[in-house]
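Notes for the one structure printed next.
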Amino acid sequence: MALVAVSSPKGGVGKTTLVANLGVALAGLGWQVSLVDFDVQNALRLHFDLPIDDPAGYAGHAAETDWAIAARPVAPGLRLVPYGQVEQRQRLRLDGLLAEGGAKFLGPRLGAMLTGPRAMVIADTAPGPTPALAALEDLADLRIAVLLSDATSLALLPQAVAAGRFFHRPSSAERPLQLILNQINVKRRLSRDIAAFVHQRAEGVLLGTVRQDEALAEAVAQQDSIFGYAPHSGAAQDIMAIARRVDQSLGGRAAAVRVPHGVAG
Ligand SMILES: Nc1ncnc2c1ncn2[C@@H]1O[C@H](COP(=O)(O)OP(=O)(O)OP(=O)(O)O)[C@@H](O)[C@H]1O
Ligand SMILES: [Mg+2]
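In numbering that gives the first Met the number 0, the protein residues as written are 0 to 264.
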């Protein structure tokens, strides 16, 4: 089982797009994936063919011990747990519970989605530091930060590489932080230069790069994944390569957990 938390220091970098498509790719690689939306925008659901007037989500009954009750199956091996449409009062209550209880509060609520060696939760978060992200950073087996290939992201990079973090917790062997550089445009010199710089300076923490590709936005408009809408596109190849890397690093860990004591070696 594995918990993956996707975050970013700034907004609009492609977190939700990557979470939706990585979820499809990892389900295709045999994981039982639950995508959990931690952003009040409730936008992850827009990538899937859910009824537009379905207000379902976990945020309205956050104190419940199992958030899987809000899950909607969206494809074989893939389900979505939307944030839901809630009032300000309920949103503040959820943030309060997360801030106060942290990992102790969140862990059991994700627990039912994390039973079995091939169970995976991928968490989509709001940009910047939040109570949800602090709790996720204490629990996640893999933390992914998404950056754009622009000058602002470049300015943030040394901080991430040197400190191993953007937000609450430093990177560790147990809970590593890896980067995805999104929206690379090889026709733009700045984008090319930044991609080269990141490859050079952050190779050890670079999980992968994703090309700028209109097919990703078009797929959302069709409520399809990039693998259904444009399976041969550059973005589909890039995201599948990242999914394979995630599968290798976390699959190895799941397999290791299954080896009984004294048998290994
Ligand atoms: N590789 C890409 N190529 C082209 N467009 C992309 C790419 N990745 C994301 N986009 C587009 O960028 C926009 C922002 O993406 P998305 O909503 O996934 O970002 P986000 O980080 O989740 O935003 P927020 O911080 O508001 O949650 C969307 O219009 C999406 O289609
Ligand atoms: Mg988003």
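Glycine included, C-beta positions come from ideal geometry on N, C-alpha and C.
Classification of residue i by the beta-carbon crowding that lies within 10 angstroms, buried from 16 upward
i: T129; result: buried
i: T114; result: exposed
i: A24; result: buried
i: G11; result: exposed
i: S171; result: exposed
i: I51; result: exposed
i: A150; result: exposed
i: D53; result: exposed
Nearest-angstrom beta carbon gap, residue j and residue i [assumed within contact, 8 angstroms]
i: L43; j: A19; result: 6 angstroms
i: L265; j: V197; result: Residue 265 lies beyond the stretch modelled for the chain, which goes from 0 to 264, so this question has no answer here.
i: V35; j: V80; result: 4 angstroms
First and last residue of the uninterrupted beta strand (DSSP E) at residue i
i: D12; result: Just to set this straight, residue 12 is Val in the shown sequence, not Asp. It is not in any beta strand (DSSP E) - V12 carries neither H nor E in the DSSP assignment.
i: L105; result: Premise fails: L105 lies in the alpha helix (DSSP H), Q87 to G110, not in any beta strand (DSSP E).
i: D36; result: Q31 to D36
i: I121; result: A118 to D123
i: R210; result: L205 to R210
i: A74; result: R71 to A74
i: V39; result: Premise fails: V39 is in no beta strand (DSSP E) and is neither H nor E.
i: V80; result: L77 to V80
Sequence-distant residues of its chain with Cβ nearer than 7 angstroms to residue i (five each side left out)
i: A74; result: V23 and A26
i: Q211; result: Q182, I183 and N184
Residues of its chain near residue i, where Cβ-Cβ distance is below 6 angstroms and the 5 sequence neighbours each way are ignored
i: A102; result: A134, D137 and L138
i: V219; result: H46
i: T16; result: L215
i: S6; result: T124, L132 and A144
i: L2; result: V120, L138, A139 and D140
Range of the contiguous alpha helix (DSSP H) that encloses residue i
i: Q199; result: R188 to R200
i: A133; result: P130 to L138
Residues of its chain near residue i, where Cβ-Cβ distance is below 8 angstroms and the 5 sequence neighbours each way are ignored
i: R90; result: V39 and A58
i: G56; result: D36, N41, A69, V80, P81, Y82, G83, Q84 and V85
- prompt: What is the chain-ordered set of residues for which the beta carbon lies under 5 angstroms from any non-hydrogen atom of ligand 2?
  reply: This criterion selects K14 and T15.
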